[in-house]
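Novice: Quick one: this structure, given as structure tokens, is what I'll be asking you about.
Protein chains: 2
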Amino acid sequence: MYSGGMPSDLPALLGDLITVNHRLARVAAHAADGRESPAVWRTLSVLRQLGPIRLGEVAARSRISQPTATKLVAHLVERGWAARLADPLDARVTSTVITPAGDAALSAWRSELAEALLPMFDGLADADLATIRNAVDILRERLDGSEVPAERVPAGAASPTAGNPAGARA
Amino acid sequence: MYSGGMPSDLPALLGDLITVNHRLARVAAHAADGRESPAVWRTLSVLRQLGPIRLGEVAARSRISQPTATKLVAHLVERGWAARLADPLDARVTSTVITPAGDAALSAWRSELAEALLPMFDGLADADLATIRNAVDILRERLDGSEVPAERVPAGAASPTAGNPAGARA
DNA sequence: CCACTGTACATAGCTTGGCTATCTATGTCC
DNA sequence: GGACATAGATAGCCAAGCTATGTACAGTGG
């Protein structure tokens with residue numbers, strides 16, 4: 828219990844958060860489906876969540892560089908998990924959508940992952956699960972909300988004319 | 828809205844957890860010090876936490892393969908952030924310790940990271956910070972406690988007949 | 001004492017995700 | 001039409017991860 832409450836020690840909290848985060852990532856890496864990489868699922872998640880989306884937006888959302896996004900999307904298209912759409916208004920743009928196959932693959936991965944991680948979370952009290960759920964929601968909101976201070980990320984993004992759904996919870 | 832609290836939807840929670848986790852990792856990757864990689868800091872953390880430790884233990888703790896641990900530790904030694912000790916009882920063993928320089932570097936990184944992430948957490952209510960702190964503690968405990976994949980996990984995780992891939996779309 | 005099996009780490013070789021730098025094609029503004 | 005900006009593609013590099021295998025030492029049975 829952290830009833831003491833030490834909000835002033837934010838740096839320590841952030842350090843711990845990132846450390847635990849890395850460790851959890853390693854566990855997840857083992858947990859499910861060695862056949863495809865985490866980056867693939869992450870990209871697929873972005874596509875599912877944001878519908879037809881430009882490459883640059885994929886990159887910004889995933890916090891990866893544009894060339895890396897190109898590579899990943901190309902891989903997804905090869906796999907049949909995504910498809911590209913020409914933009915009738917701007918010939919430079921090619922939007923990407925997730926395909927039904929991609930959607931199914933993503934869902935399957937999530938199930939597989941959940942099953943693999945279950946033992947680790949077995950016996951956890953409902954209250955603890957709720958805490959994790961809340962923390963996940965809080966972090967997600969922060970990740971979605973702040974378009975990142977991003978030192979290195981090419982801070983283009985000057986063309987969000989399309990209504991940014993910004994589906995914030997709460 | 829998740830106000831209901833649905834502990835039975837653990838699979839969805841785990842999927843979200845891993846997704847958010849991965850996204851946070853991307854942010855952290857940008858946040859601080861592009862000169863060294865996350866794996867370096869993770870390894871250094873393990874060394875600091877567990878004192879002189881065998882290579883195999885580093886690998887198990889970090890959830891990486893033994894050859895990868897060899898590579899990372901070698902890198903740390905080159906950098907002067909770790910040192911190796913021969914074991915007088917078993918000539919096969921070489922333990923590794925963090926050096927003062929490594930300790931300092933790790934601390935510096937944590938500070939830098941915290942500072943870079945601060946804006947993202949600015950304006951967060953104390954209650955939310957407490958929630959994150961608790962979640963971090965809960966997860967860390969689970970990560971430490973369960974020696975989960977034992978050790979040499981058979982890499983090819985057989986996909987257990989996914990009869991019903993959790994019809995719940997996420 | 002010597003082979004025989006097991007353990008701890010090192011080496012080799014590969015794949016993939018990530019990056020920067022640069023190029024091409026298109027759009028936009030004067 | 002020409003200068004500049006923007007969207008994405010291509011090239012080339014490095015790090016982190018893996019499997020498979022090699023090497024040296026430990027322990028054990030004959």
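Note that the protein sequences, when read in sequence, are chains H and R.
Each residue of the first sequence is one higher than the one before, starting from 828 at the first, in the numbering used here.
Each residue of the second sequence is one higher than the one before, starting from 828 at the first, in the numbering used here.
For glycine and all other residues, C-beta sits at the position ideal for the given N, C-alpha and C.
1. What does D914 of chain R touch in chain H if you count any residue whose Cβ is under 8 Å from its own?
2. Going by DSSP, name the residue or residues bridged to A912 of chain R.
3. Nearest to I891 of chain H by CA position, among H:T870, H:V963, H:V854, H:D930, is which residue?
4. Tell me, please, whether the CB atom of L882 of chain R is closer than 9 Å to any CB atom in chain H?
5. Would you mind telling me which residues of chain H sit closer than 7 Å to D955 of chain R, beta carbon to beta carbon, in chain order?
6. Going along chain R in order, which residues have a C-beta closer than 9 Å to the C-beta of I925 of chain H?
7. Please report the residue range of the alpha helix (DSSP H) in which R862 of chain H lies.
8. Is G842 of chain R near A941 of chain H, with beta carbons less than 9 Å apart?
9. Mind checking if G907 of chain R is an interface residue toward chain H, Cβ cutoff 9 Å exclusive?
10. Quick one: is D843 of chain R near chain H, going by C-beta distance under 9 Å?
11. Would you please state the rounded distance, in angstroms, between the beta carbons of N961 of chain H and T958 of chain R? I believe it to be under 8 Å.
12. What are the start and end residues of the alpha helix (DSSP H) that includes S889 of chain R?
13. Hey, how far is the Cα of D953 of chain R from the Cα of L966 of chain H?
14. So, for W868 of chain R: in the same chain, excluding its five sequence neighbours on each side, which residues have a beta-carbon less than 6 Å away from its beta-carbon?
15. Less than 9 Å between the beta carbons of S889 of chain R and R969 of chain H, yes or no?
16. Quick check on the DSSP output: the alpha helix (DSSP H) that includes G972 of chain H runs from which residue to which?
17. Can you give me the Cβ contacts of P927 of chain H inside the same chain, cut-off strictly under 6 Å, excluding the 5 residues immediately before and after it?
18. Inspect the beta-carbon positions of A909 of chain R and V900 of chain R and report whether they are closer than 9 Å.
19. For chain H, check one thing: does any of its Cβ atoms lie closer than 9 Å to the Cβ of P976 of chain R?
20. Taking the alpha-carbon positions, what's the A896 of chain R to A858 of chain R distance?
21. Out of R:V924, R:D964, R:A855, state which residue places its alpha-carbon closest to the alpha-carbon of V904 of chain R.
22. Is the CB of L899 of chain H under 9 Å away from at least one CB in chain R?
23. Using a Cβ-Cβ cut-off of 7 Å (strictly less than) and excluding sequence neighbours within five positions of R979 of chain H, which residues of its own chain qualify?
24. Who are the neighbours of A962 of chain H on chain R, taking C-beta pairs under 7 Å?
25. What span of residues does the alpha helix (DSSP H) with G929 of chain H cover, start to end?
26. For the alpha helix (DSSP H) containing D843 of chain R, list its first residue and its last residue.
27. Among R:M947, R:P915, R:L844, R:L837, which one has its Cα closest to the Cα of V963 of chain H?
28. For S872 of chain H, does the three-state DSSP call read helix, strand or coil?
Specialist: The relevant details are as follows:
1. The premise fails here: D914 of chain R is roughly 26 Å from chain H at the closest Cβ pair, so nothing lies under 8 Å.
2. One detail in the question is off: residue 912 of chain R reads as Leu in this sequence, not Ala. Its beta-bridge partners are R:S922.
3. Of the candidates H:T870, H:V963, H:V854, H:D930, the one whose C-alpha sits nearest the C-alpha of I891 of chain H is H:T870.
4. False, the Cβ-Cβ gap to chain H never drops below 9 Å.
5. Going along chain H in sequence order, the residues near D955 of chain R (Cβ under 7 Å) are I965.
6. Residues of chain R passing the Cβ test: none, with the nearest at roughly 12 Å.
7. Counting along the chain, no alpha helix (DSSP H) covers R862 of chain H, and no H or E run does either.
8. Against a cut-off of 9 Å, the Cβ pair of A941 of chain H and G842 of chain R comes out as a contact.
9. No, its Cβ sits nowhere closer than 9 Å to a Cβ of chain H.
10. The beta-carbon of D843 of chain R is placed less than 9 Å from the nearest beta-carbon of chain H.
11. Yes, N961 of chain H and T958 of chain R are in contact; Cβ-Cβ is about 5 Å, under 8 Å.
12. Element bounds for S889 of chain R: 882-889.
13. L966 of chain H has its alpha-carbon roughly 14 Å from the corresponding atom of D953 of chain R.
14. The answer, listed in chain order, is W936.
15. No; because the gap between Cβ atoms is not below 9 Å, this pair is not in contact.
16. From DSSP, the alpha helix (DSSP H) with G972 of chain H extends over 953-972.
17. Closer than 6 Å at Cβ, skipping near neighbours: no residue.
18. A contact, by the Cβ cut-off of 9 Å.
19. Annotation note: pLDDT 39 at P976 of chain R (below 50); position unreliable, no value reported.
20. A896 of chain R and A858 of chain R have their alpha carbons spaced roughly 25 Å apart.
21. For V904 of chain R, the closest C-alpha among the options R:V924, R:D964, R:A855 is that of R:V924.
22. Taking Cβ atoms only, chain R never reaches closer than 9 Å to L899 of chain H, which makes this a no.
23. The pLDDT assigned to R979 of chain H is 31, lower than 50, so where the model puts this residue is not dependable; a value taken from the coordinates is nonetheless given after this. Answer for R979 of chain H: no residue qualifies.
24. Under the 7 Å cutoff, chain R gives T958, I959, A962.
25. From DSSP, the alpha helix (DSSP H) with G929 of chain H extends over 927-948.
26. According to the DSSP assignment, D843 of chain R belongs to the alpha helix (DSSP H) that extends over 837-858.
27. Residue R:L844 is the option with its Cα nearest to V963 of chain H.
28. Helix.
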